Ligand code: PGA
């Protein structure tokens, strides 16, 4: 059985004091839920406070990005070890990074390897754009992103990471994929590739989250599908009531 996970991707929202308030409220409400892995992913500047405020609870902290080099002259970047200091997870290859900041499958692969090397669990995002979807290219695009992003990993490394399928047209639009449609991609495209790459047991055990307009209203039906193991939640993760309801829907 794959343990459900709900991760909140705060994107570029919340100051340090906003973070403190939000985490305090989450700790009170869902801080002791053990049957769902609950992860919050604030901006770099709020990671330390998120870590501190969540101590003593089961809520874990993730970053939204990292750079693959260990250290050195890379102005503005944050290294895997720096992230590892305060985080257990790191989102890699989010569609906003791919489309707005030029991230490639190759770069995603380098980041995934660098994260794993320091003991961070990557949440690797994949997903097709609206035009790719309309052209019937979903399977092809998602396959390529999974194969290239996870290239050259061992089964042991595969087992340590989580995939998030986030159709780009569903992110922030209020237009989530249908539970059946999302499940089809998880079950018929991603899980078979993971089994092929990492073997039956590891592939089957790897979690695939759905992301893209997950709300308190649609979470239970999405998470009820055979191959949807939880969610990567953007907008709704900024509101205590919505996020806690989504976490409970994963129970
Ligand atoms: P959304 O964002 O829930 O606001 O659609 C999801 C994401 O980008 O991870």
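Residue numbers (the numbering used here): 3 to 253.
Beta carbons are placed, not taken as given, at the ideal position from N, Cα and C, and that holds for glycine.
Everything numeric in this text was worked out from a predicted model, so none of it was measured.
From this set, the options, which residue's C-alpha is nearest residue i's C-alpha?
i: residue 35; options: 126, 107, 56 and 61; result: 61
i: residue 141; options: 194, 175, 124 and 157; result: 194
i: residue 123; options: 159, 136, 210 and 205; result: 159
i: residue 189; options: 165, 175, 9 and 21; result: 165
i: residue 169; options: 83, 252, 46 and 185; result: 185
i: residue 96; options: 223, 183 and 174; result: 174
i: residue 251; options: 237, 204, 236 and 225; result: 225
i: residue 20; options: 33, 217 and 55; result: 55
i: residue 161; options: 201, 230 and 151; result: 201
i: residue 181; options: 219, 154, 205 and 152; result: 219
i: residue 15; options: 236, 244 and 253; result: 236
i: residue 155; options: 176, 145, 230 and 118; result: 118
i: residue 176; options: 104, 76 and 238; result: 238
i: residue 86; options: 63, 45, 38 and 183; result: 63
i: residue 229; options: 167, 136 and 13; result: 167
i: residue 204; options: 38, 157 and 79; result: 157
i: residue 99; options: 74, 84 and 13; result: 13
i: residue 135; options: 105, 152, 103 and 183; result: 183
i: residue 45; options: 79, 74 and 105; result: 79
i: residue 253; options: 38, 244 and 101; result: 38
i: residue 101; options: 132, 76, 75 and 30; result: 132
Would you mind giving the Cβ-Cβ distance between residue i and residue j, rounded to the nearest angstrom? I have them listed as a contact below 8 Å.
i: residue 249; j: residue 40; result: 6 Å
i: residue 116; j: residue 70; result: 4 Å
i: residue 163; j: residue 110; result: With 8 Å as the limit, residue 163 and residue 110 do not qualify as a contact, their Cβ atoms being about 11 Å apart.
i: residue 7; j: residue 209; result: 6 Å
i: residue 47; j: residue 93; result: Going by Cβ atoms, the distance from residue 47 to residue 93 rounds to 16 Å, so no, they are not a contact pair.
i: residue 9; j: residue 91; result: 7 Å
i: residue 130; j: residue 143; result: 4 Å
i: residue 4; j: residue 207; result: 6 Å
i: residue 191; j: residue 145; result: 6 Å
i: residue 152; j: residue 199; result: 6 Å
Which residues mark the beginning and the end of the alpha helix (DSSP H) in which residue i is found?
i: residue 245; result: 242-251
i: residue 224; result: 221-225
Measure the CB-CB distance between residue i and residue j and report whether it falls below 7 Å.
i: residue 178; j: residue 232; result: no
i: residue 120; j: residue 147; result: no
i: residue 43; j: residue 11; result: yes
i: residue 49; j: residue 88; result: yes
i: residue 65; j: residue 25; result: no
i: residue 240; j: residue 211; result: no
i: residue 217; j: residue 32; result: no
i: residue 107; j: residue 57; result: no
i: residue 81; j: residue 72; result: yes
Could you give the residue range of the beta strand (DSSP E) that holds residue i?
i: residue 10; result: 7-11
i: residue 216; result: From DSSP, residue 216 is part of no beta strand (DSSP E); its letter is neither H nor E.
i: residue 232; result: 232-235
Margin query: Please give the ranges of any beta strand (DSSP E) in the segment 154-203, keeping only runs that are unbroken, at least 3 residues long and fully inside the region.
Written below: 164-167
Check: Can you give, in chain order, each stretch of the beta strand (DSSP E) that sits fully within the segment 15-82 and has at least 3 residues?
Finding: 39-43 and 62-65
Next item on the list: Kindly provide the ranges of any alpha helix (DSSP H) runs that are 4 or more residues long and lie completely inside the segment 88-148, ordered along the chain.
Entry: 97-102, 107-119 and 132-136
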